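Chemist:
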Ligand SMILES: [Zn+2]
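In our numbering, the protein residues as written are 1 to 329.
1. I think residue 53 touches residue 98, with their Cβ atoms under 8 Å apart; what is that distance to the nearest whole Å?
2. From the DSSP output, in three-state form, read off residue 191 for me.
3. Sort out for me which residues DSSP pairs residue 13 with in a bridge.
4. Buried or exposed: residue 58, going by 16 or more other Cβ atoms within 10 Å of its Cβ?
5. For residue 325 and residue 281, what's the separation of their Cα atoms in angstroms?
6. Helix, strand or coil for residue 210 per DSSP?
7. Taking Cβ positions only, does residue 24 come closer than 8 Å to chain D?
8. So which residues put a beta carbon under 6 Å from any heavy atom of ligand 1, going in chain order?
9. Rounded to whole angstroms, what's the CA-CA distance from residue 323 to residue 150? Just pull it up for me.
10. Would the region 287-296 count as touching the region 304-318 if we require 3 or more Cβ pairs under 8 Å?
11. Can you tell me where the beta strand (DSSP E) holding residue 28 begins and where it ends?
12. Taking one C-beta from the region 179-190 and one from the region 260-275 each time, how about it: are there three or more such pairs within less than 8 Å?
13. Given a cut-off of 8 Å, decide if residue 156 and residue 135 are closer than it, judged by their beta-carbon atoms.
14. State the DSSP-derived secondary structure class of residue 148, mapped to helix, strand or coil.
15. Should residue 104 and residue 70 be called a contact, given that it needs their Cβ atoms to be closer than 8 Å?
16. I need the DSSP call for residue 126, collapsed to helix, strand or coil.
17. Could you give the distance in angstroms between the alpha-carbon of residue 68 and the alpha-carbon of residue 47?
18. Taking DSSP as the reference, what is the three-state secondary structure of residue 327?
19. Out of curiosity, what's the CA-to-CA distance linking residue 138 and residue 278?
20. Using the beta-carbon count (16 or more within 10 Å), is residue 87 buried or exposed?
21. Smallest Cα separation from residue 33: which of 51, 4, 61 and 39?
22. For the alpha helix (DSSP H) that contains residue 20, what are its first and last residues?
23. Going by Cα to Cα distance, which pick from 165, 263 and 283 is closest to residue 212?
24. Taking just the CA atoms, how far does residue 51 sit from residue 44?
25. Is it buried or exposed for residue 66, if we count other Cβ within 10 angstroms and need 16 for buried?
26. Going by CA-CA distance only, name the one from 291, 106 and 72 that's closest to residue 90.
27. In this structure, how does DSSP classify residue 171 when only helix, strand and coil are distinguished?
28. Where does residue 224 fall in DSSP's three states?
29. Going along the chain, which residues of its own chain have a beta-carbon closer than 6 Å to the beta-carbon of residue 319, five neighbours each way excluded?
30. Roughly how many whole angstroms lie between the Cα atoms of residue 258 and residue 200?
31. For a quick check, are the C-beta atoms of residue 209 and residue 194 less than 8 Å apart?
32. In three-state DSSP terms, what is residue 82?
33. Can you tell me whether residue 382 is buried or exposed, with buried defined as 16 or more other CB within 10 angstroms of its CB?
Here it is, written out as structure tokens:
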């Protein structure tokens, strides 16, 4: 847009707006005169950018709020870039989008894991505390039972009392287990079972999978005298019996392998299975030892939620490796 100038000599002329604010010579009298400065359009901050910024903060833990913050922030960015002369607020919009994305991701992760900032884990620990032996850093890690021995990987692994209950894992637990060890922080488990004179032979994998599919008997849960822990995220109603989840799917993972046997075992195997409970997948690492003399079958299982399994695998394998059958079994 050209600028209009009027010289003292009376001459009127126009110059390019590129010369705004600069000194130009009058074409009539050659006197220098100042071209007017350009009127800068006033900048206003984009309402979308501000809304995005505020929503990202206020709606931080709501998912819906943070998703809205991201959408509004993106609208703001588009509008600002289209009209940078008049609209400002890229910083607000960028902040809204960034924070919105971060909180949305964090909340979706938290919801999918049932972990609202450790609340789920803390609740579980409280529920389990009175069903577990207390943590004693001085107690020996090795546990000797009738027929076998096993070393706890760390002092955090503690023995569960008979009738141990924890709803999310309940369908995997067996009340006929000879030993149940629990790591409450990691919600990881290890148990030892045995079957007298059981000759499953090479069909041991199928036997283990079928055993997982079996609905384990849980008389304790049907007993009114036993107070069941509330399920995380559920609506508490003391009068209703707790809903016992079921294993809805069991699959074998990878290829089962044979383990080296000593003079007591005629066959030792390892396999991994995955069981689904309430839509959550659990990885179960199972080792079986078929005894030569007695025909007794030991089943040692280590399990944790599949999402957490990689984190606990080393400890679980360490415990499994320490399993030993006592002489005479
Ligand atoms: Zn002039």
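Cβ atoms here follow ideal geometry from the backbone N, Cα and C, with glycine treated the same way.
All figures in this text were calculated on a predicted structure; none of them were measured in a lab.
Modeler: Taking the coordinates as given:
1. Their Cβ separation, rounded to whole angstroms, is 10 Å, which puts residue 53 and residue 98 out of contact at 8 Å.
2. In the three-state reduction of the DSSP assignment, residue 191 falls in the strand class.
3. As computed with DSSP, residue 13 is found in a beta bridge with 5.
4. Around the beta carbon of residue 58, fewer than 16 other beta carbons lie within 10 angstroms, which makes this residue exposed.
5. The alpha-carbon of residue 325 is positioned some 30 Å away from that of residue 281.
6. In the structure shown, residue 210 adopts helical secondary structure according to DSSP, grouped into three states.
7. Any reference to chain D falls outside this structure, which holds one protein chain only.
8. Spelled out in chain order, the answer is 7, 9, 11, 26, 28, 29 and 31.
9. Going by the C-alpha atoms only, they are around 5 Å apart.
10. Touching, no.
11. It is not in any beta strand (DSSP E) - residue 28 carries neither H nor E in the DSSP assignment.
12. No contact exists between the region 179-190 and the region 260-275.
13. Going by C-beta atoms, residue 135 is nearer than 8 Å to residue 156.
14. Correct three-state label for residue 148: strand.
15. One thing to note: residue 104 has its Cβ within 8 Å of the Cβ of residue 70.
16. Annotated three-state conformation of residue 126 is helix, per DSSP.
17. The straight-line gap from Cα to Cα measures roughly 14 Å.
18. Secondary structure at residue 327: coil, using DSSP grouped into helix, strand and coil.
19. The straight-line gap from Cα to Cα measures roughly 38 Å.
20. Under a 10 Å Cβ-count criterion, residue 87 is classified as buried, with 16 or more other Cβ atoms of the shown protein chains found around its own Cβ.
21. Per the Cα distances, 4.
22. No alpha helix (DSSP H) holds residue 20; DSSP gives it neither H nor E.
23. Here the closest residue by C-alpha is 283.
24. Their backbone Cα atoms lie some 14 Å apart in a straight line.
25. Flag for residue 66 reads buried.
26. It is 72 whose Cα lies nearest to the Cα of residue 90.
27. Under the three-state reduction of DSSP, residue 171 is assigned to helix.
28. Low confidence applies here, because residue 224 scores a pLDDT of 41, under 50, leaving its location unreliable and the question unanswered by this model.
29. Counting only Cβ-Cβ distances below 6 Å, and skipping sequence neighbours, we find 153 and 190.
30. C-alpha of residue 258 to C-alpha of residue 200: approximately 14 Å in a straight line.
31. Not in contact: residue 209 and residue 194 (Cβ atoms no closer than 8 Å).
32. In this structure, residue 82 counts as helix in the three-state DSSP scheme.
33. Because the chain here runs from 1 to 329, residue 382 falls outside it and cannot be looked at.
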